[in-house]
Ligand SMILES: [Zn+2]
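Residue numbers (the working numbering), protein chains in the order written: chain A, 98 to 609; chain B, 128 to 225.
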């Protein structure tokens, strides 16, 4: 172990994960912010469109101009309640907004309207599954609260060398994002996960994202910042009191959630093993190095001087309203996964690869169109996924519909197409050559089922390879493959290979 | 005679980025005094048995529909800013970390 700077708790070299986790138990807490996908902002009618020109989606309310008054967006409240219900939370019967006072130019009001000790939703949980050497393990992550607030403006630091805040000469502010509805979801401390802490953290954020997407309340894109995660973490010797926690920000991908937890366990264990102490601080995660650097120290607790927001009245959702919203809840992702696995007779891994390919909805629609489940999966994750990957497009933007697959499968069932020809049909569909029937007609795709034509091709192939013909006659039936291959070649794949084989053996008078 | 002094008003004005003329300092000193007296009167009646309230009218659930309405133009938004650059508000260097 190398040198250590005792004043800031940094170490140059970290313990590896096994060493670090061997001596300590981690406690993690996750704070996730989700930008809601409402049309308008939280307190005003400004648009929430992403990527608009700077300061073109602003008004006196979201610019914090004197005399302007906020009014709560009903859809944002409904989305928050639906998130709360999905996370098995209690929905408050009465709650208020609060001012969180701070002086930073990302909020033009010098305060953020948030919720303090009266969140709209509280005391829930989300079950997540992690893979362990002993098989899948379900971990219940308890939810402390789900509350409403508003997003901040976007600062760009100008001047200086790095574009970071240190060394910047001044900053430029775009308030388009200020006031976009933001939901914060806070877990209770997650204990007892031991060495699985990084996987549990990732599985939680992954499943939370699945839930948010299933609810259609946000696009939850971590790369674009519409979903952001802060990782709180402390470690302690087994049985000891919890240690001091750090808060790691700037964790912008699911993979980084896992890496940030792992790296912070390694860092804290290294500091403690070197006789240092963990300070309560904000740290910034860096995607490139997989490590974090120290940010602001929080040893002096921040005083946001919260007080009830006087410009807004309380939110008191009636139980009838909550039940109406409960009735709009979609099937939860975990339930849906279990159902699809059972219905399609596949395991979790196979379902995951369908999900990764973006094929689940397409397979569902194809089955709904009347195609057998195995065939629907085969086409979407086989030939069609291959073409999509090759051409660099998403599966659902290929010009092949579930109904096309139904027609192709019907042609295969009737014997007029085989799999090889079906691939050519899909190629034609993707090239815009028309409907399934049109592609079949234009390309002349049809299984050659005329025995005469096939026998002619077989005789030709046998004549070309008399040695092979002799082998087959002498009982080496496996040699038939070479002749079948030759026939398939001369018929350009438009023959049924099994049929060719049967005809060939008959021709030579050989029985299997 | 106001209990708020002219230097105090000048200090508040500076914090609020308000450019007040000398005669306005007296004017606002009087007004602030009235406000402080009103608040002082509330402190007199406030007692442990009176629960704090955050809104004068007991009402709940005032919502708007999720509909986009026109805001103001960028030029209007930036018009009152002390400094602007590249269509954005330009603010002094911030020493604190993000
Ligand atoms: Zn606005």
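Glycine included, each C-beta is placed from N, C-alpha and C at the ideal position.
1. Does residue 316 of chain A have its Cβ less than 8 Å from a Cβ in chain B?
2. Keeping to the same chain, check which residues put their C-beta closer than 8 Å to that of residue 207 of chain B; ignore five residues upstream and five downstream.
3. Where does the unbroken beta strand (DSSP E) through residue 126 of chain A begin, and where does it stop?
4. Apart from the five residues on each side of it in sequence, which residues of its chain come closer than 8 Å, Cβ to Cβ, to residue 516 of chain A?
5. When DSSP labels each residue in this structure, what does residue 144 of chain B get in the three-state scheme?
6. Determine, using beta carbons only, whether residue 193 of chain B and residue 137 of chain A come nearer to each other than 8 Å.
7. Kindly indicate which residue of A/272, A/409 and A/477 has the alpha-carbon position closest to the one of residue 218 of chain B.
8. Got a sec, what are the start and stop residues for the beta strand (DSSP E) residue 232 of chain A sits in?
9. Excluding the 5 residues preceding and the 5 following residue 250 of chain A in the sequence, name in chain order all residues of the same chain whose CB lies nearer than 8 Å to its CB.
10. Run the proximity test for residue 138 of chain A: is its beta-carbon closer than 7 Å to any non-hydrogen atom belonging to ligand 1?
11. Mind pulling the alpha helix (DSSP H) runs of 4 or more residues that sit fully within the stretch 484-547 of chain A?
12. So, for residue 187 of chain A: in the same chain, excluding its five sequence neighbours on each side, which residues have a beta-carbon less than 6 Å away from its beta-carbon?
13. With 8 Å as the threshold, decide whether the Cβ of residue 156 of chain A is near any Cβ in chain B.
14. Would you tell me roughly how many angstroms separate the C-alpha atoms of residue 544 of chain A and residue 473 of chain A, rounded to the nearest one?
15. Would you say residue 177 of chain B lies against chain A (beta-carbon separation less than 8 Å)?
16. Please identify the residue among A/224, A/240 and A/234 whose C-alpha is closest to the C-alpha of residue 216 of chain A.
17. Buried or exposed, going by whether 16 or more other CB atoms sit within 10 Å of the CB of residue 307 of chain A?
18. Let me see if you follow: with CB-CB separation under 8 Å, is residue 219 of chain B close to chain A or not?
19. In this structure, does DSSP put residue 225 of chain B in helix, strand or coil?
20. Would a check of beta-carbon distances place residue 224 of chain B closer than 8 Å to chain A?
21. Would you kindly work out how many angstroms separate the C-alpha atoms of residue 114 of chain A and residue 236 of chain A, rounded to a whole number?
22. Return the CA-CA distance between residue 254 of chain A and residue 186 of chain B, expressed in angstroms with no decimal places.
23. Is the CB of residue 128 of chain B under 8 Å away from at least one CB in chain A?
24. Check this for me: beta carbons of residue 210 of chain A and residue 163 of chain A, under 8 Å apart or not?
25. Report yes if the C-beta of residue 161 of chain A is less than 7 Å from at least one heavy atom of ligand 1; otherwise report no.
26. Do three or more CB pairs link the stretch 132-147 of chain B to the stretch 593-605 of chain A at distances below 8 Å?
27. Please classify residue 446 of chain A: does DSSP put it in a helix, a strand, or coil?
28. With DSSP collapsed to three states, give me the class of residue 177 of chain B.
29. Count Cβ pairs between the stretch 559-578 of chain A and the stretch 531-551 of chain A that sit closer than 8 Å; are there 3 or more?
30. Measure the alpha-carbon distance for residue 349 of chain A versus residue 387 of chain A and round it to whole angstroms.
31. Mind pulling the chain A residues with CB within less than 7 Å of residue 204 of chain B?
32. Is it buried or exposed, residue 245 of chain A, if we count other Cβ atoms within 10 angstroms and call 16 or more buried?
33. Have a look at residue 576 of chain A and residue 565 of chain A and give me their C-alpha separation to the nearest angstrom.
34. Is any non-hydrogen atom of ligand 1 found closer than 7 Å to the C-beta of residue 250 of chain A, if you look at the structure I gave you?
35. Does the stretch 323-341 of chain A come close enough to the stretch 363-376 of chain A that 3 or more CB-CB pairs lie under 8 Å?
36. Between the Cα of residue 196 of chain B and the Cα atoms of A/159, A/161 and A/141, which residue gives the shortest distance?
In terms of the structure at hand:
1. Position 219 of the first chain, counted from the start, is the residue given in the question as residue 316 of chain A. It does not: the Cβ of residue 316 of chain A has no partner Cβ on chain B nearer than 8 Å.
2. Here residue 207 of chain B is taken as the residue at index 80 of the second chain, counted from 1. No residues qualify anywhere along the chain.
3. As a position in the first chain, residue 126 of chain A is number 29, starting the count at 1. Looking at the DSSP string, the run of the beta strand (DSSP E) that includes residue 126 of chain A is 122-132.
4. What you label residue 516 of chain A is simply residue 419 of the first chain in a count that begins at 1. Residues 509 of the same chain have their beta carbon placed closer than 8 Å to that of residue 516 of chain A, with the five preceding and five following residues left out of the count.
5. The count along the second chain starts at 1 and reaches residue 144 of chain B at position 17. In this structure, residue 144 of chain B counts as coil in the three-state DSSP scheme.
6. For this step, residue 193 of chain B is matched to residue 66 along the second chain. For this step, residue 137 of chain A is matched to residue 40 along the first chain. Contact flag set, yes.
7. The residue given as residue 218 of chain B occupies position 91 in the second chain. Checked all of A/272, A/409 and A/477; the closest Cα to residue 218 of chain B is A/272.
8. In the first chain, the residue the question calls residue 232 of chain A occupies position 135. From DSSP, the beta strand (DSSP E) with residue 232 of chain A extends over 232-247.
9. Numbered from 1 along the first chain, position 153 holds the residue referred to as residue 250 of chain A. Around residue 250 of chain A: 202, 203, 204, 205, 270, 271, 272, 273, 274 and 275.
10. Position 41 of the first chain, counting from 1, holds the residue named residue 138 of chain A. Yes, the Cβ of residue 138 of chain A comes within 7 Å of a heavy atom of ligand 1.
11. Taken in chain order, the complete alpha helix (DSSP H) segments of 4 residues or longer contained in the stretch 484-547 of chain A are 499-510, 516-527 and 533-540.
12. By 1-based counting over the first chain, the position of residue 187 of chain A is 90. 219 and 220, listed in sequence order.
13. Translated into the one-based positions of the first chain, residue 156 of chain A becomes position 59. Judged by the 8 Å Cβ criterion, residue 156 of chain A is in contact with chain B.
14. Taking the first chain and counting its residues from 1, the one referred to as residue 544 of chain A is at position 447. Taking the first chain and counting its residues from 1, the one referred to as residue 473 of chain A is at position 376. Straight-line Cα distance between these residues: approximately 22 Å.
15. The residue you call residue 177 of chain B lines up with position 50 of the second chain. Using a CB distance cut-off of 8 Å, residue 177 of chain B does not count as an interface residue toward chain A.
16. Position 119 of the first chain, counted from the first residue, corresponds to residue 216 of chain A. Nearest option by C-alpha distance: A/240.
17. Numbered from its first residue, the first chain carries residue 307 of chain A at position 210. The residue in question, residue 307 of chain A, is buried, as its Cβ has 16 or more Cβ neighbours within 10 Å.
18. Position 92 of the second chain, counting from 1, holds the residue named residue 219 of chain B. True, the Cβ-Cβ gap to chain A drops below 8 Å.
19. Residue numbering aside, residue 225 of chain B sits at position 98 when the second chain is read from its first letter. Low confidence applies to residue 225 of chain B: its pLDDT is 42, below 50, so where it sits in the model is not reliable, and the reading given next is rough at best. In the structure shown, residue 225 of chain B sits in coil (DSSP, three-state: anything other than H, G, I, E or B).
20. If you number the second chain from 1, residue 224 of chain B lands on position 97. Reliability of the predicted coordinates at residue 224 of chain B is poor, the pLDDT of 45 falling under 50, and the value obtained from them is presented with this limitation in mind. So, interface residue.
21. Start at 1 with the first residue of the first chain, and residue 114 of chain A comes out as number 17. Start at 1 with the first residue of the first chain, and residue 236 of chain A comes out as number 139. Each residue's Cα considered, the two are about 21 Å apart.
22. Taking the first chain and counting its residues from 1, one reaches residue 254 of chain A at position 157. Taking the second chain and counting its residues from 1, one reaches residue 186 of chain B at position 59. Taking the straight line from one Cα to the other gives about 43 Å.
23. Position 1 of the second chain, counted from the first residue, corresponds to residue 128 of chain B. The predicted position of residue 128 of chain B is uncertain, since its pLDDT is 48 and thus under 50; no value can be drawn from it.
24. As a first step, residue 210 of chain A must be located in the first chain, where it is residue number 113. As a first step, residue 163 of chain A must be located in the first chain, where it is residue number 66. No.
25. Looking up residue 161 of chain A in the first chain gives position 64. Checking every heavy atom of ligand 1 against the Cβ of residue 161 of chain A, none is found closer than 7 Å.
26. These segments do not touch.
27. Taking the first chain and counting its residues from 1, the one referred to as residue 446 of chain A is at position 349. Here residue 446 of chain A sits in helix by DSSP.
28. Reading the second chain from its first residue, position 50 is the one you call residue 177 of chain B. Residue 177 of chain B sits in coil when the DSSP states are folded into three classes, being neither helix nor strand.
29. no
30. One-based indexing of the first chain puts residue 349 of chain A at position 252. One-based indexing of the first chain puts residue 387 of chain A at position 290. Those two C-alpha atoms are separated by around 12 Å.
31. For the purposes of this step, residue 204 of chain B is taken as residue 77 along the second chain, with counting starting at 1. Within chain A, 152, 155 and 160 have C-beta atoms less than 7 Å from the C-beta of residue 204 of chain B, given in sequence order.
32. Taking the first chain and counting its residues from 1, the one referred to as residue 245 of chain A is at position 148. So residue 245 of chain A ends up on the buried side.
33. Here residue 576 of chain A refers to the residue found at position 479 of the first chain. Here residue 565 of chain A refers to the residue found at position 468 of the first chain. Their Cα atoms are separated by approximately 7 Å.
34. Position 153 of the first chain, counted from the first residue, corresponds to residue 250 of chain A. Every heavy atom of ligand 1 is 7 Å or more from the Cβ of residue 250 of chain A, so no.
35. yes
36. For the purposes of this step, residue 196 of chain B is identified with residue 69 of the second chain, where counting begins at 1. The candidate whose alpha carbon is nearest that of residue 196 of chain B is A/141.
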